[in-house]
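Residue numbers (our numbering): 804 to 1029.
Below: the structure, in structure tokens.
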Amino acid sequence: MNILFAEDDEHLGKMVYHLLKKEYGRVDWVKDGQSAYDYAMFTDYDVIILDWMMPELSGLEVCKRLRENGYNGGILFLTAKDSVEDVVEGLDSGADDYLIKPFKFEELVARIRALSRRVDKPFEETLTFDDLELNLNTHEVKRNGKVIELSKKEYELLELLLRNKHQVLPREMIIERIWGFDAEITDNALDALVKLLRKKVDVPGKPSIIKNVRGVGYKLRDQNGI
């Protein structure tokens, strides 16, 4: 399961993030509403957990915008706003569930589990781009039918690019997704990882399948060079 967690409180956010990471593996933590919206537009999340009161955009506004833009995954509010009116407003904005702080982590997990059962999202077993394939179950990667052995981080980078194959991924977002939100990683480390991945997935004599968009980040390049 792929989860986005939006919470601006550093102490609570770090604790819940690590617990979710241990429980589900694929979790992104952002600390403001605009980042929550941007991440959700770049990545196909199964469940999004939103704090209500956040900088830049409120969780309520994020929820409304996501639904208006066709997001059909589960949305859960995790907030201290506990009046009946608040709950009704949150659910009317497009949220599927509402959990009031303080809460027990076991209850949050149970609600995420219930959300994942209710939300009708088909599971993608294989991500493809031209003649490149990545199997999410076996973690096997092939290009033109030939199996390619990747390191853990090379695989994570390729999966991220494939999940967002029509988008340019900003460097900062890639670094946070691959190394974690609090990692002190330079652009040089990302460039080195891209170079290693290119050596394994590129076809000799053809342009690299991974395109560097100067000043922004990276994207996949199709056979037409786009």
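Glycine included, C-beta positions come from ideal geometry on N, C-alpha and C.
Inset, instruction - Would you check if the region 930–940 and the region 913–920 touch, i.e. whether three or more CB-CB distances between them fall below 8 angstroms? - result: Short answer: they don't touch.
Legend entry - Status (buried if at least 16 other CB within 10 Å, exposed otherwise) for Asp885: Here the question's residue 885 lines up with position 82 in the sequence shown. Looking at its Cβ environment, which holds fewer than 16 other Cβ atoms inside 10 Å, Asp885 is exposed.
Inset, instruction - Quick one: using the 10 Å Cβ neighbour count with 16 as the cut-off for buried, is Met976 buried or exposed? - result: Position 173 of the sequence shown, counted from the first residue, corresponds to residue 976. So Met976 counts as buried.
Inset, instruction - For the region 989–1003 and the region 944–960, state whether three or more C-beta atom pairs, one from each stretch, are separated by less than 8 angstroms. - result: Enough Cβ pairs lie closer than 8 angstroms, so yes.
Inset, instruction - Return the bridge partner residues of Ile851 from the DSSP annotation. - result: By 1-based counting over the sequence shown, the position of residue 851 is 48. Leu807, Ile878.
Inset, instruction - Identify whether Leu918 lies in helix, strand or coil by the three-state DSSP scheme. - result: Counted from its first residue, the sequence shown places residue 918 at position 115. DSSP places Leu918 in helix when its eight states are reduced to three.
Legend entry - Cβ-based neighbour list, Ala839, same chain, cut-off 8 angstroms, excluding 5 preceding and 5 following: Working through the sequence shown from its first residue, we reach residue 839 at position 36. Non-local C-beta neighbours of Ala839 in its own chain, meaning closer than 8 angstroms and more than five positions away in sequence, comprise Leu807, Ala809, Val833, Ile851, Leu853, Met857, Leu860, Gly862, Val865, ordered along the chain.
Inset, instruction - Could you tell me which of Asp1025, Val1004, Glu959 sits nearest to Leu993, measuring between CA atoms? - result: The residue labelled residue 993 in the question sits at position 190 within the sequence shown. Across the set Asp1025, Val1004, Glu959, the C-alpha of Glu959 shows the shortest separation from the C-alpha of Leu993.
Inset, instruction - Can you say whether Glu888 is buried or exposed, counting buried as having 16 or more other CB atoms within 10 angstroms of its CB? - result: Position 85 of the sequence shown, counted from the start, is the residue given in the question as residue 888. Exposed, by the Cβ-count rule.
Legend entry - Asp841 (DSSP reduced to helix, strand or coil): To locate residue 841, count along the sequence shown from 1; it is residue 38. Helix, per DSSP.
Inset, instruction - Can you tell me which of the three DSSP states Lys1014 falls into? - result: Position 211 of the sequence shown holds residue 1014. Under the three-state reduction of DSSP, Lys1014 is assigned to strand.
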